[in-house]
Amino acid sequence: MAGSSVSGGGGRPPLFATEKPKRVLAYRVYAGTIFAGILLIWFYRATHIPARGSSSLGWRAGLGLLVAEILFGLYWVLTLSVRWNPVRRTTFKDRLSERYDDDQLPGVDIFVCTADPALEPPMLVISTVLSVMAYDYPPEKLNIYLSDDAGSAVTFYALHEASEFAKHWISFCKNYKVEPRSPAAYFAEGATPHDACSPQELLRMKELYKDLTDRVNSVVHSGKIPEVPECNHRGFSEWNEMITSGDHPSIVQILIDRNKRKAVDVDGNALPKLVYMSREKRPQEQHHFKAGSLNALIRVSSVISNSPVILNVDCDMYSNNSESIRDALCFFLDEEQGQDIGFVQYPQNFDNVVHNDIYGNPINVVNELDNPCLDGWGGMCYYGTGCFHRRETLSGQIYSKDYKEDWDRGVGIAENADELEETSKSLVTCTYEHNTPWGIEKGVRYGCPLEDVITGLQIQCRGWRSVYYNPARKGFLGMAPTSLGQILVQHKRWSEGFLQISLSNYSPFLLGHGKIKLGLQMGYSVCGFWALNSFPTFYYVIIPSLCFLSGVSVFPEITSPWCIPFIYVVVASYSWSLMESLQCGDTAVEWWNAQRMWLMRRTTSYLLAAIDTIGGMLGVSESGFELTVKVDESQALERYKKGKMEFGPISGMFVIITTIALFNLVCLVVGLGRALLREGTAGLGPLFLQAVLCVAIVVINAPVYEALFIRRDSGSLPYFVTLVSLCFVSSLCLQAI
Numbered sequence: 001m002a003g004s005s006v007s008g009g010g011g012r013p014p015l016f017a018t019e020k021p022k023r024v025l026a027y028r029v030y031a032g033t034i035f036a037g038i039l040l041i042w043f044y045r046a047t048h049i050p051a052r053g054s055s056s057l058g059w060r061a062g063l064g065l066l067v068a069e070i071l072f073g074l075y076w077v078l079t080l081s082v083r084w085n086p087v088r089r090t091t092f093k094d095r096l097s098e099r100y101d102d103d104q105l106p107g108v109d110i111f112v113c114t115a116d117p118a119l120e121p122p123m124l125v126i127s128t129v130l131s132v133m134a135y136d137y138p139p140e141k142l143n144i145y146l147s148d149d150a151g152s153a154v155t156f157y158a159l160h161e162a163s164e165f166a167k168h169w170i171s172f173c174k175n176y177k178v179e180p181r182s183p184a185a186y187f188a189e190g191a192t193p194h195d196a197c198s199p200q201e202l203l204r205m206k207e208l209y210k211d212l213t214d215r216v217n218s219v220v221h222s223g224k225i226p227e228v229p230e231c232n233h234r235g236f237s238e239w240n241e242m243i244t245s246g247d248h249p250s251i252v253q254i255l256i257d258r259n260k261r262k263a264v265d266v267d268g269n270a271l272p273k274l275v276y277m278s279r280e281k282r283p284q285e286q287h288h289f290k291a292g293s294l295n296a297l298i299r300v301s302s303v304i305s306n307s308p309v310i311l312n313v314d315c316d317m318y319s320n321n322s323e324s325i326r327d328a329l330c331f332f333l334d335e336e337q338g339q340d341i342g343f344v345q346y347p348q349n350f351d352n353v354v355h356n357d358i359y360g361n362p363i364n365v366v367n368e369l370d371n372p373c374l375d376g377w378g379g380m381c382y383y384g385t386g387c388f389h390r391r392e393t394l395s396g397q398i399y400s401k402d403y404k405e406d407w408d409r410g411v412g413i414a415e416n417a418d419e420l421e422e423t424s425k426s427l428v429t430c431t432y433e434h435n436t437p438w439g440i441e442k443g444v445r446y447g448c449p450l451e452d453v454i455t456g457l458q459i460q461c462r463g464w465r466s467v468y469y470n471p472a473r474k475g476f477l478g479m480a481p482t483s484l485g486q487i488l489v490q491h492k493r494w495s496e497g498f499l500q501i502s503l504s505n506y507s508p509f510l511l512g513h514g515k516i517k518l519g520l521q522m523g524y525s526v527c528g529f530w531a532l533n534s535f536p537t538f539y540y541v542i543i544p545s546l547c548f549l550s551g552v553s554v555f556p557e558i559t560s561p562w563c564i565p566f567i568y569v570v571v572a573s574y575s576w577s578l579m580e581s582l583q584c585g586d587t588a589v590e591w592w593n594a595q596r597m598w599l600m601r602r603t604t605s606y607l608l609a610a611i612d613t614i615g616g617m618l619g620v621s622e623s624g625f626e627l628t629v630k631v632d633e634s635q636a637l638e639r640y641k642k643g644k645m646e647f648g649p650i651s652g653m654f655v656i657i658t659t660i661a662l663f664n665l666v667c668l669v670v671g672l673g674r675a676l677l678r679e680g681t682a683g684l685g686p687l688f689l690q691a692v693l694c695v696a697i698v699v700i701n702a703p704v705y706e707a708l709f710i711r712r713d714s715g716s717l718p719y720f721v722t723l724v725s726l727c728f729v730s731s732l733c734l735q736a737i
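For the record, in the sequence shown the residue sitting at position 528 is 528 according to UniProt numbering, with numbers rising by one throughout.
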């Protein structure tokens, strides 16, 4: 490492260090050669467009490829921002402990959001809640809030039961240094007794968790709360037969209240405060999905605990590191370097991704290379989960050099729980936000599918920095989608949201001008223009193959010197990409699978997102919010573990994928046959690069052909998709005649 920054305030040692990796120079040299190759390709394309009268297809194809390659090159320039200036962060928790006693540490409010008990099972939710309740942090300083947007009595029952189980679980975790502290994850990993924990104690805890799981799942299946003394909590009286997920009053219940003597674990130690919240929902009122839920939590928590630090996590992303809070505080509490840090973002990681994942999840490369570069520009983006915020940043506070944080805020709030609940209910009614700055200048931003990203950008534009922290033991683990349909829908929503931001007044280049660094503006735009980059990609997988089928050359002949920049840019780019992937811990198979998914996303999710967004701006269509399904049926999950791509139901996206795969297969077979029959191997000279491109597309689509011609399970491609795709392929092939 080089370029270490380790200064401390007033002579005191720093709580974190920042270092720059040495390999940056090698990347910059490589990038310079790639840029030279791109310039040569642009020059060749601009000077070698076929004459308009010679071949109509050749002229149109050449002109289109010029536009496509210019767009590819410009997008590549944007991607320099996520490789050019990486930094690495290291925290010193021992120094934090030496400097601050437990009673001097700030309070932390933790938000967990759930929206639908059918898609996000209550046991999944409460395992996440239990994991954050068991942090290695003074329980008197912890306050956990569960937002249930469905207003489900079943979810409340599950949380109520979890509050009793927590008395055993938190004590067990702290006595035996358990990791991870999600009971579901801990027991799924095959927990074994160690020196400090006897087999009997482990078995007892496992049985307690099994009993909890059985009770909760029984209620989930029946939909009825049992009439037993344990369920006489006054909170259950909030529900009646008229309540539905989309039409219910505001509900706030404090399940663990530290002001009551019984709020202790089995060892007599205090428990964190635990609060259930369901904001009011009415059919005629806009509720703004997760953003509205987070803003409601900010207001409720300001009354009940008002801690200066807020952590929010998705309900399927449990805490995997019990020291994450202390790590985050090393950034906030550093006297010299932390004054302007608005939020600390942990990476997203997943515990359900298998070895050689067929979907080639590129999260390792993103976490190890992309995000540290955004951090280097002073502004890691806000992911919407696994993020620690200063409360003031979510309240619209503008940073100034004379700003002083009140780390003691929230300490001493000891009002009656009944009064707090009633006060809080009034803050989460449907009409509370009318004619207020909430969702605009205050709280999480409304009006965009990616409320988290635009909120983080606004915070940075108010003068705050953000940092990215990626510890050796991952801070949070969640669930990645494990079917192709889920992944494509998720990426369509993401790319649509990013494009909406980029084409609005909240574009990083407009909103961030003069407020954040150019490198960070470019970094945001890498994702911002995912969708628009789909057009040249789609053109490239169709037109060169169509020309190959027609015998029309659109690339330099293999013997021409102009072939060199094309070959160099492709070979060097993919070789560097493979090297990066291997360095980040991926396998070569996972890298190859990631290339397939890159192509599929660009030609489906991103393409449709671009069409929908542009159509929406023209008043033709309007995009809607889609909740990503996070529960897989058993057969689909088994196929995923075996490396089989999951297609299943009919989808327009699958039609596009199948059409591209079949079209390139036809072009390869027929085009190759035509060239060889006419002039033998010599006939391939002018068409060699097109043949290579066509072969690459065919090879990368091997799982599609398997789902078309070999597999007969429920995850294969439906016959209707195949039929529609064949119609499109026939139509395209007619253009070559």
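In this text, a Cβ means the ideal position worked out from N, Cα and C, and glycines have one as well.
Check, Outcome
"Below 8 Å on the Cβ atoms is my contact criterion, and I expect F111 with N312 to pass it. Report the Cβ-Cβ distance as a whole number of Å.", "4 Å"
"Using a Cβ distance threshold of 8 Å, determine whether the region 523 to 534 contacts the region 78 to 90, with at least three qualifying pairs required.", "yes"
"Rounded to the nearest angstrom, what separates M317 and I660 at their Cα positions?", "36 Å"
"Enumerated in chain order, which unbroken segments of the alpha helix (DSSP H) with a length of 4 residues or greater are wholly contained in the region 427 to 491?", "451 to 461"
"May I ask which residues mark the beginning and end of the alpha helix (DSSP H) holding Y346?", "Careful: Y346 lies outside any alpha helix (DSSP H) and carries neither H nor E."
"In terms of DSSP beta bridges, what is M600 paired with?", "In the DSSP output, where bridge partners are listed per residue, M600 has none listed."
"Could you name each continuous alpha helix (DSSP H) segment of 4 residues or more that falls completely within the region 529 to 557, going from the start of the chain to the end?", "534 to 550"
"Which of the three DSSP states is assigned to G235 in this structure?", "helix"
"Per DSSP, H248 is paired with what?", "K281"
"Quick check on A2: does DSSP put it in helix, strand or coil?", "Residue placement at A2 is flagged as unreliable, the pLDDT there being 46, under the threshold of 50; the coordinate-derived value follows with that caveat. Correct three-state label for A2: strand."
"Using the Cα positions of T604 and P347, report the straight-line distance between them to the nearest angstrom.", "26 Å"
"For R409, which residues in the same chain have their Cβ closer than 6 Å to its Cβ, ignoring the five residues on either side in sequence?", "N306, P308"
"For S293, which option in C430, Y44, A328 has the closest C-alpha, if you only look at C-alpha atoms?", "C430"
"Mind checking which residues open and close the alpha helix (DSSP H) that includes Y568?", "563 to 583"
"What did DSSP end up calling R23 once you bin it into helix, strand or coil?", "coil"
"Report buried or exposed for V699, applying the criterion of at least 16 other Cβ atoms within 10 angstroms of its Cβ.", "exposed"
"When the Cα of N664 is compared with those of S651, R639, T18, Y705, which residue comes out closest?", "Y705"
"Taking the alpha-carbon positions, what's the Y403 to I567 distance?", "55 Å"
"With a CB to CB cut of under 7 Å and the five nearest residues on each side skipped, what residues in its chain are close to A691?", "F548, L672, L684"
"Considering only the beta carbon of each residue, do A531 and N361 sit closer than 7 Å?", "no"
"Determine the direct distance from the alpha carbon of K224 to that of R215, and round the result to whole angstroms.", "11 Å"
"Could you check which residue in G463, A61, V365, T385 has the C-alpha nearest to that of K517?", "G463"
"Using C-beta distances below 7 Å, list every residue in its chain close to K206, excluding the 5 sequence neighbours before and after it, in chain order.", "F187"
"In three-state terms, what does DSSP make of V629?", "Unreliable positioning characterises V629 in this predicted model, as indicated by a pLDDT of 41, which lies under 50. A coordinate reading is not provided."
"Taking the beta strand (DSSP E) that D314 belongs to, which residues open and close that run?", "309 to 314"
"To the nearest angstrom, how far is it from the Cα of S545 to the Cα of S560?", "20 Å"
"Counting along the chain, where does the beta strand (DSSP E) carrying H389 start and finish?", "387 to 390"
"What's the C-alpha gap between Q460 and L676?", "60 Å"
"Is the distance from the Cβ of I170 to the Cβ of D265 below 7 Å?", "yes"
"Per DSSP, what are the beta-bridge partners of D109 in this structure?", "N143, I310"
"Under 7 Å, do C667 and C694 count as touching if we go by C-beta distance?", "yes"
"How long is the line joining the alpha carbons of S152 and S651, rounded to whole angstroms?", "31 Å"
"Measure how close the beta-carbons of R181 and S319 come, nearest whole angstrom, since I'm counting them as under 8 Å.", "6 Å"
"For K401, does the three-state DSSP call read helix, strand or coil?", "coil"
"Using CA atoms only, rank isn't needed, just tell me which of N356, D452, Q200, D375 is closest to G643.", "N356"
"Considering only the beta carbon of each residue, do residue 738 and Y606 sit closer than 7 Å?", "Missing from the structure shown is residue 738; the chain here goes from 1 to 737 and no further."
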